[in-house]
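In this note's numbering, the protein residues as written are 45 to 376.
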């Protein structure tokens, strides 16, 4: 059975009209949600997803000339810590809402936690349709780090987010103190033949990617023993960002660029790494995780029982405890 998400935080509130956070994101006083989120967020029932969504904001990140900014979605920490910050990435075509269950537990553990949307996914403003290749995602994350974090970070990447994390750590080692890789998807050779599809076929395939039936099937693969009602609700959480007007263009841009191929970079990772593996992951094989553990120069591995592909959703207490222990003293 899925474990109950732990921890919660207060909701945005105001006596009337609207409220505005420090970055200028406007939120309705009746819902507490930032105005840049699709209105369908109001239908989500998961209280932890609702709470984290209400804390979301957009920060300007310079990606080119002095006038070229992307308003980038994230959840900021409420206080700083003496320990280097933990920066949470997410899976392929997902968002920082993926951390809805574990994020409050990391805060309760005294960590300075950021949940960041990777360029092209999540809820950043991509009205100008920037390129969303692996290199573009890396550059955007570096500029985000340079503007707001500015300290070596413990970078956490689940599934394809592990490829994002490895690619970033190899190219910007000064910015990364440690890595945490959760059920890492790091042995795919990019998007393969999908990168060669004619544009009309690529857009047709992307439309299927956000369909409710396909997302439901993905959730059935990813999670173990959750109810049908929870499956539907988590499907709505997982596809919420797909409802933004630029989502198709951003996804086709990534797919056409060739995606991530970090196989040759794994042995170049210099940081200490915590490899987390779920015993009941039906997407990434245990054999692949063992291979990763062996190829990383300095890594430890921990198993999460009774969890599928996303243990930070199903078993957030165990994942948060492992991350907190590793962040503090390399042990967990």
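Every residue gets a Cβ at the ideal spot worked out from N, C-alpha and C, and that includes glycine.
Buried is the label assigned to residue 188, since at least 16 other Cβ atoms lie within 10 Å of its Cβ. When only Cα atoms are considered, residue 348 and residue 370 end up about 15 Å apart.
If you keep only unbroken alpha helix (DSSP H) runs of at least 4 residues inside the stretch 203 to 278, you get 204 to 215, 243 to 253, 256 to 266. Assignment of alpha helix (DSSP H) within the stretch 170 to 201, counting only whole runs of 4 or more residues, yields 178 to 188 in chain order.
Secondary structure at residue 298: helix, using DSSP grouped into helix, strand and coil. The Cβ atoms of residue 166 and residue 140 sit closer than 8 Å to each other. If you compare the alpha carbons of 242, 92, 175, 333 with that of residue 360, the shortest gap goes to 92.
Look at residue 370 here: in three-state DSSP terms it is helix. Residue 191 and residue 105 do touch by the CB rule: their CB atoms are close to 6 Å apart, below 8 Å.
Check the Cα spacing between residue 230 and each of 96, 330, 193: the tightest is with 330. Under DSSP, residue 348 forms a beta bridge with 322.
Of the other Cβ atoms in all chains shown, fewer than 16 fall within 10 Å of the Cβ of residue 256; this residue is therefore exposed. A contact between stretches requires three or more CB pairs, one per stretch, nearer than 8 Å, and the stretch 279 to 287 fails this requirement with the stretch 315 to 325. DSSP places residue 104 within a strand segment (E or B) once states are collapsed to three.
DSSP, reduced to helix, strand and coil, places residue 78 within a strand of the structure shown.
One thing to note: residue 137 has its Cβ no nearer than 8 Å to the Cβ of residue 182. Secondary-structure assignment with DSSP links residue 316 through a beta bridge to 222. Assignment of beta-bridge partners to residue 118 by DSSP yields 101, 160. Membership of residue 132 in the beta strand (DSSP E) is indicated by the continuous run 130 to 132. For residue 343, the secondary structure class from DSSP, reduced to helix, strand or coil, is strand. Less than 8 Å separates the beta-carbon of residue 226 from that of residue 206. In the assembly as shown, residue 261 is an exposed residue. Its beta-carbon has fewer than 16 other beta-carbons within 10 Å. Per the C-alpha coordinates, the member of 266, 236, 149, 96 positioned closest to residue 365 is 149.
Here residue 237 is exposed, its C-beta having fewer than 16 other C-beta atoms within 10 Å. Excluding sequence positions up to five before and after residue 368, its CB lies within less than 7 Å of the CB of 150, 153, 155, all in the same chain and listed in chain order. Looking only at 346, 300, 341, the smallest Cα-Cα distance to residue 178 is reached by 300. The alpha carbon of residue 143 has as its nearest neighbour, out of 130, 128, 267, 159, the alpha carbon of 159. CA-to-CA, the gap between residue 208 and residue 76 works out to about 31 Å. With fewer than 16 other beta carbons inside 10 angstroms of its own, residue 171 counts as exposed. Closest option to residue 203, judged by alpha-carbon separation, among 120, 163, 333, 81: 333. In chain order, 214 place their CB closer than 7 Å to the CB of residue 312, counting only its own chain and leaving out the 5 sequence neighbours on each side.
The Cβ atoms of residue 130 and residue 220 do not sit closer than 8 Å to each other. For residue 113, the pairing in a beta bridge is given by DSSP as 106.
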